[in-house]
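J.:
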Amino acid sequence: MSVFKNSTYQKYLVIALVTIISVVLAACTLPPQFTYQGVLTDASGNPLNGNVTITYRIFNAETGGTEIYSESETVTVTDGRFDSVIGPEAAISGLDPEDLAQALWVEVQIDNGTYNETLTPRQRLYGSPYAFTLMPGTVISAAMNEEVFGVNDIDAIASVINMQIPNSSNTPLPALRVVGERGIELVDVSGSDSYGTLYSEIDVPDSSIHAHVNTNFVIHLDEAGSDYDSGFVVFGNSTSNWCYFDEYGNLDCSGTKSSVTEVDGEQRALYAIESPDVWFEDFGSAQLTNGKTTVQVDAQFAQTVNLDMEYHVFLTPLDDCNGLYVTNKTAGGFEVRELGGGSSDVAFDYRIVAKRAGYEDVHLEVVVVPSAMDEGGE
806 MSVFKNSTYQ KYLVIALVTI ISVVLAACTL PPQFTYQGVL TDASGNPLNG
856 NVTITYRIFN AETGGTEIYS ESETVTVTDG RFDSVIGPEA AISGLDPEDL
906 AQALWVEVQI DNGTYNETLT PRQRLYGSPY AFTLMPGTVI SAAMNEEVFG
956 VNDIDAIASV INMQIPNSSN TPLPALRVVG ERGIELVDVS GSDSYGTLYS
1006 EIDVPDSSIH AHVNTNFVIH LDEAGSDYDS GFVVFGNSTS NWCYFDEYGN
1056 LDCSGTKSSV TEVDGEQRAL YAIESPDVWF EDFGSAQLTN GKTTVQVDAQ
1106 FAQTVNLDME YHVFLTPLDD CNGLYVTNKT AGGFEVRELG GGSSDVAFDY
1156 RIVAKRAGYE DVHLEVVVVP SAMDEGGE
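Laid out in structure tokens, this is it:
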């Protein structure tokens, strides 16, 4: 029992049970609350009666410190005794599990309309016998007879349910939160780092996995700098349908690579033109003067391709003429002339196609896609 005394009256407050729930898990959702009981008397030791407003404040230090949580409630005092519950009925914004996973003290302020005083000193909150079992709020939903790590492949965490309380606008706390530089590490059942598997409910046809971020979703491939070719693979129902992002920045798909745009109120696919080589192309317009002109290759486009190799120029005259041809091709540009020594001033469109710089020798490259075993499937 903790005794508080001052010149006005005496207060005897007894913490009967403290159970701080810092993580809400399992089938029966437990609120982050604990009970607080006590006895109030006047300066002569006579028990008080009536309604009293009590303000509870939880700090992370015996004096000073940071206020973690506060609330006020009106309780009925009978023969000096009262009983109340501290804590929100559901998870609230700004109150994280980490806030409760530290030493805490409760400060009590009493107001019965006559007296309004803060009791001192603050009282340290300790765990109840419930805290000596499992993590507060944890429920064992099935028996596990095997060892958890290193021997048999069993679920380390099973049947975790984290639902929002009906008619509540508060967002529930996450069922699992990992804080640290290494995050979550997935390994196979032997404990080595060969395979790590993440599943949704694979037996349910409409099961999904959602990832929500505010900036970038980043995947690092070949983090160890090994000689293995690493990739990010998306498989369909069978391994014959796939899309493969490799560590070198390549995207290979067994299907098509399409843009999607709206046509007559429907989303329609526009398909990319494919080639056995890696080509970049640019388009432009120009005009002859007395049957000839020189076209300069766009300077920015020229940085993306190798114009020291053979490249291709396709011409489309926009008016009647004897025809056009290309000559004197260099890395900086090309010359266009009218056939037969013509001297017209005809305008024309052109298309220039050149090998991408650094990919000049790539031709129908072999793509090795991870097998079904590499999926990490069962």
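Count along the sequence shown starting at 1, add 805, and that's the number in the working numbering.
We treat Cβ as the ideally placed atom computed from N, Cα and C, and that holds for glycine.
To the nearest angstrom, how far is it from the Cα of residue 1058 to the Cα of residue 1047?
T.: Sequence index remark: in the sequence shown, residue 1058 carries index 253 (1-based). Sequence index remark: in the sequence shown, residue 1047 carries index 242 (1-based). Cα to Cα, the separation comes out at about 6 Å.
J.: Rounding to the nearest angstrom, what Cα-Cα distance links residue 1001 and residue 1039 in this structure?
T.: Translated into the one-based positions of the sequence shown, residue 1001 becomes position 196. Translated into the one-based positions of the sequence shown, residue 1039 becomes position 234. When rounded, the distance between both Cα atoms is 16 Å.
J.: Which of the three DSSP states, helix, strand or coil, is assigned to residue 1145?
T.: Position 340 of the sequence shown, counted from the start, is the residue given in the question as residue 1145. Three-state result, residue 1145: helix.
J.: Do you know how far the Cα of residue 1121 is from the Cα of residue 1128?
T.: Stepping through the sequence shown from its first residue, residue 1128 is reached at position 323. Stepping through the sequence shown from its first residue, residue 1121 is reached at position 316. Those two C-alpha atoms are separated by around 9 Å.
J.: Out of 1113, 851, 892 and 877, state which residue places its alpha-carbon closest to the alpha-carbon of residue 884.
T.: Residue 884 sits at position 79 when you count from the first residue of the sequence shown. The shortest Cα separation from residue 884 among 1113, 851, 892 and 877 belongs to 851.
J.: Return yes when the Cβ of residue 1152 is within less than 7 Å of the Cβ of residue 1111, no when it is not.
T.: Residue 1111 sits at position 306 when you count from the first residue of the sequence shown. Residue 1152 sits at position 347 when you count from the first residue of the sequence shown. Contact: no.
J.: Checking 7 Å against the spacing of the C-beta atoms, do residue 899 and residue 838 come in under that value?
T.: Counted from its first residue, the sequence shown places residue 899 at position 94. Counted from its first residue, the sequence shown places residue 838 at position 33. Cβ distance not < 7 Å, so residue 899 and residue 838 don't count as in contact.
J.: Output the distance between the C-alpha atoms of residue 855 and residue 912, rounded to the nearest integer angstrom.
T.: To locate residue 855, count along the sequence shown from 1; it is residue 50. To locate residue 912, count along the sequence shown from 1; it is residue 107. About 22 Å.
J.: For the candidate residues 928, 1106 and 886, whose alpha-carbon lies nearest to that of residue 862?
T.: Translated into the one-based positions of the sequence shown, residue 862 becomes position 57. When each option's Cα is compared against that of residue 862, the closest is 928.
J.: What's the gap between the Cα of residue 1146 and the Cα of residue 1067?
T.: As a first step, residue 1146 is located in the sequence shown; it is residue number 341 there, counting from the start. As a first step, residue 1067 is located in the sequence shown; it is residue number 262 there, counting from the start. Rounded to whole angstroms, residue 1146 to residue 1067 spans 48 Å at the Cα level.
J.: Around the Cβ of residue 866, are there at least 16 other Cβ atoms within 10 angstroms (buried) or fewer (exposed)?
T.: Numbered from its first residue, the sequence shown carries residue 866 at position 61. When all chains shown are included, residue 866 counts as exposed.
J.: Classify residue 828: buried if its beta carbon has 16 or more other beta carbons within 10 angstroms, exposed otherwise.
T.: The sequence position of residue 828 within the sequence shown is 23, counting from 1. In this prediction, residue 828 scores a pLDDT of 35, lower than 50, which makes its location untrustworthy; no coordinate-derived value is stated.
J.: Would residue 1018 pass as a contact of residue 1084 if the rule is Cβ separation under 7 Å?
T.: Along the sequence shown, read from residue 1 onward, the residue named residue 1018 stands at position 213. Along the sequence shown, read from residue 1 onward, the residue named residue 1084 stands at position 279. In terms of Cβ geometry, residue 1018 and residue 1084 do not form a close pair [threshold 7 Å].
J.: Count the other CB atoms within 10 Å of the CB of residue 1139; is the residue buried (16 or more) or exposed (fewer)?
T.: Along the sequence shown, read from residue 1 onward, the residue named residue 1139 stands at position 334. Buried: at least 16 other Cβ atoms inside 10 Å.
J.: Assuming residue 857 contacts residue 880 under a Cβ cut-off of 8 Å, what Cβ separation, rounded to an integer in Å, is found between them?
T.: For this step, residue 857 is matched to residue 52 along the sequence shown. For this step, residue 880 is matched to residue 75 along the sequence shown. Right, their Cβ atoms sit about 6 Å apart.
J.: Roughly how far, in whole angstroms, is the beta-carbon of residue 1050 from the beta-carbon of residue 1030, given that I think they are within contact range, below 8 Å?
T.: The sequence position of residue 1050 within the sequence shown is 245, counting from 1. The sequence position of residue 1030 within the sequence shown is 225, counting from 1. With a Cβ gap of about 18 Å, residue 1050 and residue 1030 do not count as contacting.
J.: Once the 5 residues before and after residue 814 are set aside, which same chain residues still bring their CB inside 7 Å of it?
T.: In the sequence shown, counting from the first residue as 1, residue 814 sits at position 9. Summary for residue 814: the model assigns pLDDT 42, below 50, so the residue's position carries little reliability; its value from the coordinates is reported in the next sentence. These residues qualify, in order along the chain: 846, 847, 848 and 920.
J.: Apart from the five residues just before and just after residue 914, which ones in its own chain have a Cβ nearer than 6 Å to its Cβ?
T.: If you number the sequence shown from 1, residue 914 lands on position 109. Result list for residue 914: 860 and 923, in chain order.
J.: Entirely within the stretch 832 to 875 and at least 3 residues each: give me those beta strand (DSSP E) ranges in chain order.
T.: 839 to 845 and 855 to 864
J.: Compute the Euclidean distance between the alpha carbons of residue 887 and residue 1021, then round it to the nearest angstrom.
T.: Within the sequence shown, the letter at position 82 stands for residue 887. Within the sequence shown, the letter at position 216 stands for residue 1021. Between residue 887 and residue 1021, the C-alpha separation is close to 52 Å.
J.: Do you know offhand how far residue 1079's Cα is from residue 983's?
T.: In the sequence shown, counting from the first residue as 1, residue 1079 sits at position 274. In the sequence shown, counting from the first residue as 1, residue 983 sits at position 178. For residue 1079 and residue 983, the distance between alpha carbons rounds to 44 Å.
J.: So, at 6 Å on beta carbons, what are the nonlocal neighbours of residue 1061 in its own chain, with the 5 sequence-adjacent residues on each side left out?
T.: One-based indexing of the sequence shown puts residue 1061 at position 256. Taken in chain order, the residues that qualify are 1076.
J.: Checking 7 Å against the spacing of the C-beta atoms, do residue 1013 and residue 1006 come in under that value?
T.: Along the sequence shown, one-based indexing puts residue 1013 at 208. Along the sequence shown, one-based indexing puts residue 1006 at 201. Remark: C-beta atoms of residue 1013 and residue 1006 do not approach each other more closely than 7 Å.
J.: Taking a contact to mean a Cβ-Cβ separation below 7 Å, would you say residue 1103 touches residue 1087 in this structure?
T.: Counting from 1 along the sequence shown, the entry for residue 1103 is found at position 298. Counting from 1 along the sequence shown, the entry for residue 1087 is found at position 282. A contact, by the Cβ cut-off of 7 Å.
J.: Since residue 1092 is in the beta strand (DSSP E), which residue starts that stretch and which ends it?
T.: In the sequence shown, residue 1092 corresponds to position 287, counting from 1. Annotation for residue 1092: the continuous beta strand (DSSP E) segment containing it runs 1084 to 1092.
J.: Leaving out the 5 sequence neighbours to the left and right, which residues in its chain are closer than 8 Å to residue 1184 when beta-carbon positions are compared?
T.: Since the displayed the chain opens at 806 and closes at 1183, residue 1184 lies outside it and no answer follows.
J.: Just reading off the alpha helix (DSSP H) that residue 1107 is part of, what are its end residues?
T.: Counting from 1 along the sequence shown, the entry for residue 1107 is found at position 302. Element bounds for residue 1107: 1104 to 1107.
J.: Based on the DSSP output, what are the partners of residue 1058 in its beta bridges?
T.: On the sequence shown, position 253 is the one that residue 1058 refers to. DSSP lists 1048 as the beta-bridge partner residues of residue 1058.
J.: With distances taken Cα to Cα, identify the nearest neighbour of residue 1026 among 906, 917 and 1053.
T.: Sequence index remark: in the sequence shown, residue 1026 carries index 221 (1-based). Among 906, 917 and 1053, the Cα nearest to that of residue 1026 belongs to 1053.
J.: Please report the distance separating the alpha-carbon of residue 1173 from that of residue 1024.
T.: Along the sequence shown, one-based indexing puts residue 1173 at 368. Along the sequence shown, one-based indexing puts residue 1024 at 219. Rounded to the nearest whole angstrom, the CA to CA distance from residue 1173 to residue 1024 is 20 Å.
J.: Would DSSP call residue 990 helix, strand or coil?
T.: Stepping through the sequence shown from its first residue, residue 990 is reached at position 185. Residue state, collapsed to three classes: coil.
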